[in-house]
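Since the structure comes first, as structure tokens, the remarks are kept for the end.
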Amino acid sequence: MAQLFTVELSGSRVNRLDIPQAYWASYAPDGNFMAYTPISDRFTQWKHYRGGTTSRIWIYDFTTHEVTEIPKPSGGSNDAQPQWMGDRVYFKSDRNGEFNIFSYDPSSKKVAQLTDFKDFPVLNLSAANGEILFEQAGYLHSLQPATGKSEKLTIGIAADLLELRSRFVSNPDYVRSVDL
Numbered sequence: 003m004a005q006l007f008t009v010e011l012s013g014s015r016v017n018r019l020d021i022p023q024a025y026w027a028s029y030a031p032d033g034n035f036m037a038y039t040p041i042s043d044r045f046t047q048w049k050h051y052r053g054g055t056t057s058r059i060w061i062y063d064f065t066t067h068e069v070t071e072i073p074k075p076s077g078g079s080n081d082a083q084p085q086w087m088g089d090r091v092y093f094k095s096d097r098n099g100e101f102n103i104f105s106y107d108p109s110s111k112k113v114a115q116l117t118d119f120k121d122f123p124v125l126n127l128s129a130a131n132g133e134i135l136f137e138q139a140g141y142l143h144s145l146q147p148a149t150g151k152s153e154k155l156t157i158g159i160a161a162d163l164l165e166l167r168s169r170f171v172s173n174p175d176y177v178r179s180v181d182l
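With our numbering applied, the sequence shown corresponds to residues 3 to 182, in that order.
Now the structure itself:
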């Protein structure tokens, strides 16, 4: 059973949170709320899973100890990886078929779809500084929720790999084939 703890910056004190069980979790910026999934994901084994352990996101209020669930469609869905940024909770969900990114506004109780991928699912996401980074179709993408613009990132890593440099060698261990 996975539980949540806080650790003081000095590392001297560890406190268990009142949430009895959690898997993914994210604090609200003001620290008064936490969005979390009470159980681990089941959909990694079964696509479009709608069984008794569908993944759901609950919002815990630290002052009143009340829990509310992000609304789901009537057919159910798997909602996972909540990321609280600003006044919204961002998460991935398969409520419209393939996993895409959605947002939830706790004040209006409205859910909005932010991406619309139909070929491959959104696998992982992380939100910070007004931007959501996520993995989809083997690529990293950046999403600006304020504008709704998403772009595939091109990442190049310059490595100093000596074995790939042009060079002359005299060691017979490097010979793979010989031909006239």
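The beta carbon of each residue, even a glycine, is placed where N, CA and C say it ideally should be.
With 16 other Cβ atoms within 10 Å as the buried cut-off, status of residue i
i       : result
Leu-127 : buried
Gln-85  : buried
Thr-149 : exposed
Phe-7   : exposed
Ser-28  : buried
Leu-145 : buried
Val-113 : buried
Thr-70  : exposed
Arg-159 : For clarity, residue 159 is Ile in the given sequence; the question names Arg instead. Label assigned to Ile-159: exposed.
Tyr-92  : buried
Gln-115 : exposed
Identity of the residue in the options nearest residue i by Cα
i       : options                            : result
Lys-111 : Arg-97, Arg-90, Asp-121            : Arg-90
Tyr-25  : Thr-46, Met-3, Asp-63, Asn-80      : Met-3
Ala-129 : His-50, Phe-104, Thr-156           : Phe-104
Asp-32  : Glu-153, Lys-154, Lys-151, Thr-65  : Thr-65
Lys-74  : Gly-88, Glu-68, His-67, Asp-96     : Asp-96
Lys-120 : Asn-173, Val-171, Val-113, Phe-101 : Phe-101
Tyr-209 : Pro-147, Gly-99, Lys-154           : Shown here, the chain extends from 3 to 182; a query on residue 209 therefore has no answer.
Gly-53  : Asn-80, His-143, Val-180           : Asn-80
Gln-5   : Pro-22, Gln-146, Gln-83, Gly-13    : Pro-22
Thr-46  : Ser-109, Lys-94, Ala-114           : Lys-94
Gly-78  : Lys-151, Ala-30, Tyr-92, His-50    : His-50
Glu-68  : Asp-20, Ser-152, Gly-132           : Asp-20
Ser-2   : Gly-132, Ser-14, Gly-13            : In the structure displayed, the chain extends from 3 to 182; residue 2 sits before or after that span and is not available.
Nearest-angstrom beta carbon gap, residue j and residue i [assumed within contact, 8 Å]
i      : j      : result
Asp-63 : Asn-17 : Between Asn-17 and Asp-63 the Cβ distance is about 18 Å, and since that is not below 8 Å, they are no contact.
Checklist line | Any 3 or more C-beta pairs closer than 8 Å across the stretch 34 to 42 and the stretch 50 to 68 | finding: yes
Q | Secondary structure, alpha helix (DSSP H): runs of 4+ residues fully inside the stretch 103 to 143 | A | none
Start-end ranges of the beta strand (DSSP E) lying completely within the stretch 31 to 56, minimum 3 residues: 35 to 38
Assess contact between the stretch 137 to 155 and the stretch 110 to 125, defined as three or more Cβ pairs (one per stretch) separated by less than 8 Å. Is contact present?
yes
query = Can you give, in chain order, each stretch of the beta strand (DSSP E) that sits fully within the stretch 63 to 105 and has at least 3 residues?
reply = 69 to 71, 81 to 87, 90 to 95
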